[in-house]
Structures are given as structure tokens and as C-alpha cells.
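Asks:
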Amino acid sequence: MDRKITIGHLYPDLLNLYGDRGNIACLTQRCRWRGIEAETIEFELKDQIDFRELDIVLLGGGSDREQMIVCGKLKEIRQDFKNYVEDDGVVIAVCGGYQLLGEYYQTEEGRLEGLNLVDLYTEQEEGRIIGNIVLESDLVSMPVVGFENHGGRTCIRGNKPFGRVLYGSGNDGRSGYEGVVYKNVIGTYLHGPLLPKNPQISDWLIARALERRYGDSALEPLDDSQEEAANSYIFHRFVKQ
Ligand code: GLN
0 MDRKITIGHL YPDLLNLYGD RGNIACLTQR CRWRGIEAET IEFELKDQID
50 FRELDIVLLG GGSDREQMIV CGKLKEIRQD FKNYVEDDGV VIAVCGGYQL
100 LGEYYQTEEG RLEGLNLVDL YTEQEEGRII GNIVLESDLV SMPVVGFENH
150 GGRTCIRGNK PFGRVLYGSG NDGRSGYEGV VYKNVIGTYL HGPLLPKNPQ
200 ISDWLIARAL ERRYGDSALE PLDDSQEEAA NSYIFHRFVK Q
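With numbering that gives the first Met the number 0 as the guide, the letters of the sequence shown map in order to residues 0 to 240.
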């Protein structure tokens with residue numbers, strides 16, 4: 000059977016820090032290399048979102064100001080988004096988008112109500128956490144490498160983290176954990192080219208989406224030798240000499 004996935008990009012005009020959109024280019028290309036069709040729908044604040052037609056949702060990062068603008072809209076889509084998540088819909092939420100998955104994001108200027116899709120909350124503290132980061136994650140065998148830049152510190156309560164921090168700060172710089180995994184949702188502070196740098200995470204998302212729509216998550220292996228070499232270089236640079 001021909002397989003096709005539809006990716007929904009929420010509010011790229013506001014939430015697209017460091018080119019989070021590149022993650023969609025990566026998902027799309029990794030599908031096409033395998034003969035799987037991949038389409039992206041970009042939503043603006045004024046658009047209606049029919050979550051039933053979506054297989055993967057990307058919620059990118061944004062400044063506090065941009066998050067504030069999006070925040071008002073979230074109340075309207077919350078119930079549909081929650082149904083999607085509870086029905087095993089796949090979500091990749093990065094940085095500001097990750098914070099918005101939770102109950103709230105408390106900043107100096109006030110409190111932003113989140114989507115309340117995952118039981119977590121974020122509070123701004125003094126100083127930003129900025130730098131390279133390396134994790135080990137149960138979801139994949141390769142280390143997860145990336146870059147983080149956030150003022151908020153996230154508490155994931157009893158949820159499962161996305162990874163254990165081997166280098167860098169992660170959710171709050173104290174717990175030793177980074178991000179969250181809830182059902183088929185990944186929330187993470189790893190910005191920009193998260194998926195090109197971590198092809199196994201990309202394939203985890205695609206496989207979950209295919210499993211949900213077609214009951215068939217089989218993925219042909221790709222030649223990832225360049226990605227693996229880049230990943231290994233970063234791992235050895237920051238973690239293991
Ligand atoms: N504005 C949020 C923070 O500073 C998220 C930033 C981001 O998406 N990079 O914590």
C-alpha cells in the first residue's frame with residue numbers, strides 16, 4: 000500500500016526560532032527517500048486546524064513575546080489538540096513549543112497559560128541556559144546532540160524525560176534530564192536542526208506516525224553514514240575524548 004503522512008506546522012510565522020522548520024525538511028526527505036509521500040500544511044493563527052488529517056505536528060520555538068501572542072489562540076485549539084495527543088498523535092515540540100505543551104510558563108512579565116497536554120510547567124529563572132548539549136535517550140541507540148537556548152526551567156513532574164544529559168544543562172540544569180516523552184509526543188529544548196543531526200529521532204517520529212495510520216511502521220534503512228560521522232564527532236568533542 001502507498002503510504003502518505005501529513006505534517007502540520009503550527010504557527011511558523013511566530014514559532015520558528017533558529018529555523019525549526021528545517022526539521023520538517025528532514026522528515027519530508029527521509030520519507031521521500033523511502034517512497035513515502037509527505038505533505039506539510041502550515042497553519043497561521045487565523046486558520047482552522049483539523050487534527051484528524053495530521054500525522055505529525057511540529058510546534059517550534061519562539062521568544063517570550065511570540066509565545067504570548069500564540070498563547071491566546073491555544074485555548075481555542077486545546078481540546079482538539081488534546082484528543083489528537085490522547086489518540087497517539089505524533090508531536091515534536093521544540094523549546095518555546097515544548098514549554099507551551101505544559102500547564103504554564105511563568106515569566107517576569109506574567110504567566111502564560113499552556114495547552115496542558117502534558118503534566119509539566121516552566122518558570123523563568125535568572126540567566127539563560129545557552130550551549131551545546133548531548134543526551135542519551137531510550138528512544139534511540141545514537142547519542143542525541145543539539146543546542147539549547149532558554150530562560151525557562153521546566154519541571155516534568157512524574158513524566159518520562161526525553162533523555163539523560165551527558166553534556167549541557169537540559170530541563171533545569173539540576174535534574175540531569177532533558178525534555179519529555181508522553182505517548183507519541185516529544186518535547187525538547189534542542190533547537191534548530193534537531194532532526195537532521197539526529198536521524199534516528201526523525202525515524203522514530205515517522206515510524207510512530209505510520210504505525211498509527213497504517214498499523215505498519217516498517218522503514219527501509221537509509222545510508223546515514225554522514226549523519227553518524229557528524230553525530231560521533233560532537234559526542235567525542237563534548238563527552239568522550
Ligand atoms: N522564550 C522561551 C525561553 O526563553 C523559549 C525560547 C526558545 O524557544 N528558544 O525560555
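The beta carbon of each residue, even a glycine, is placed where N, CA and C say it ideally should be.
Since this is a predicted model, take the numbers as computed values, not measurements.
Give the single residue among A229, G145, E210 whose Cα lies nearest to the Cα of F161.
Replies: The count along the sequence shown starts at 1 and reaches residue 161 at position 162. Of the candidates A229, G145, E210, the one whose C-alpha sits nearest the C-alpha of F161 is G145.
Asks: So which of Y104, G186, G60, D1 has the shortest CA-CA distance to I35?
Replies: In the sequence shown, the residue the question calls residue 35 occupies position 36. Of Y104, G186, G60, D1, the residue nearest in Cα terms is D1.
Asks: Between the Cα of Q225 and the Cα atoms of R211, N170, K196, Q66, which residue gives the shortest distance?
Replies: Residue mapping note: residue 225 aligns to position 226 of the sequence shown, counting from 1. Nearest of R211, N170, K196, Q66 to Q225, Cα basis: K196.
Asks: Could you work out which residue in V143, L189, D118 is closest to A92 when comparing CA atoms only?
Replies: As a working mapping, residue 92 is identified with position 93 in the sequence shown. That would be L189, whose Cα lies nearest to the Cα of A92.
Asks: Where does A217 sit, in a helix, a strand or coil, going by DSSP?
Replies: Here the question's residue 217 lines up with position 218 in the sequence shown. Looking at A217 - three-state DSSP - the assignment turns out to be coil, as it is neither helix nor strand.
Asks: Going by beta-carbon coordinates alone, are V290 and I55 separated by less than 7 Å?
Replies: Examination of residue 290 is not possible in this model, given that the chain is present from 0 through 240 alone.
Asks: According to DSSP, is C154 helix, strand or coil?
Replies: Your numbering for residue 154 matches position 155 in the sequence shown. C154: strand per DSSP, three-state reduction.
Asks: With three or more beta-carbon pairs closer than 8 Å as the criterion, would you say the segment 205-222 touches the segment 108-125?
Replies: As far as the Cβ criterion goes, the segment 205-222 does not touch the segment 108-125, which means the pair count is below three.
Asks: Count the other C-beta atoms from every protein chain shown that fall within 10 angstroms of the C-beta of E227, then say buried if there are 16 or more, exposed otherwise.
Replies: Counting from one through the sequence shown, the residue named residue 227 turns up at place 228. Its Cβ having fewer than 16 others within 10 Å, E227 is exposed.
Asks: According to DSSP, what are the bridge partners of H149?
Replies: Sequence index remark: in the sequence shown, residue 149 carries index 150 (1-based). DSSP output for H149 lists I128 as bridge partner(s).
Asks: Could you have a look at Y232 and say whether DSSP puts it in helix, strand or coil?
Replies: One-based indexing of the sequence shown puts residue 232 at position 233. Looking at Y232 - three-state DSSP - the assignment turns out to be helix.
Asks: When the Cα atoms are used, what is the spatial distance from E108 to L194?
Replies: Position 109 of the sequence shown, counted from the start, is the residue given in the question as residue 108. Position 195 of the sequence shown, counted from the start, is the residue given in the question as residue 194. Each residue's alpha carbon lies about 32 Å from the other.
Asks: For D79, I'd like the list of residues in its chain whose CB is within less than 6 Å of its CB, leaving aside the five on either flank, ordered along the chain.
Replies: Counting from 1 along the sequence shown, the entry for residue 79 is found at position 80. Closer than 6 Å at the Cβ level, and outside the excluded window around D79, lie F50.
Asks: If you run the structure through DSSP and keep just helix, strand and coil, what is V117?
Replies: The sequence position of residue 117 within the sequence shown is 118, counting from 1. Coil, per DSSP.
Asks: Got a sec, what are the start and stop residues for the alpha helix (DSSP H) R29 sits in?
Replies: Start at 1 with the first residue of the sequence shown, and residue 29 comes out as number 30. Its alpha helix (DSSP H) spans residues 21-31.
Asks: Does DSSP classify L100 as helix, strand or coil?
Replies: As a first step, residue 100 must be located in the sequence shown, where it is residue number 101. In the structure shown, L100 sits in coil (DSSP, three-state: anything other than H, G, I, E or B).
Asks: Spell out a yes or no on whether the segment 169-180 and the segment 4-13 are touching, meaning 3 or more CB-CB pairs, one atom from each, closer than 8 Å.
Replies: Short answer: they don't touch.
Asks: What is the DSSP secondary structure of K74, reduced to helix, strand or coil?
Replies: Numbered from its first residue, the sequence shown carries residue 74 at position 75. In the structure shown, K74 sits in a helix (DSSP, three-state: H, G or I).
Asks: Considering only their Cβ atoms, is the gap separating T153 from N170 smaller than 7 Å?
Replies: Looking up residue 170 in the sequence shown gives position 171. Looking up residue 153 in the sequence shown gives position 154. Yes. Within cutoff.
Asks: Please confirm whether any heavy atom of the ligand GLN lies closer than 6 Å to the CB of C154.
Replies: The residue labelled residue 154 in the question sits at position 155 within the sequence shown. No, the Cβ of C154 stays beyond 6 Å of every heavy atom of the ligand GLN.
Asks: Check whether the Cβ atoms of G113 and E102 lie closer than 7 Å to each other.
Replies: In the sequence shown, counting from the first residue as 1, residue 113 sits at position 114. In the sequence shown, counting from the first residue as 1, residue 102 sits at position 103. The answer is yes: Cβ separation under 7 Å.
Asks: Please tell me whether, using a cut-off of 6 Å, the distance from the CB of N15 to the nearest non-hydrogen atom of the ligand GLN is below it.
Replies: As a first step, residue 15 is located in the sequence shown; it is residue number 16 there, counting from the start. Incorrect: N15 has no Cβ contact closer than 6 Å to the ligand GLN.
Asks: If I68 and L13 are in contact, beta carbons under 8 Å, what's the gap, nearest whole angstrom?
Replies: Counting from one through the sequence shown, the residue named residue 68 turns up at place 69. Counting from one through the sequence shown, the residue named residue 13 turns up at place 14. Going by Cβ atoms, the distance from I68 to L13 rounds to 6 Å, so yes, they are a contact pair.
Asks: For R173 versus E135, is the C-beta spacing smaller than 7 Å?
Replies: Translated into the one-based positions of the sequence shown, residue 173 becomes position 174. Translated into the one-based positions of the sequence shown, residue 135 becomes position 136. Result no, Cβ atoms of R173 and E135 do not sit closer than 7 Å.
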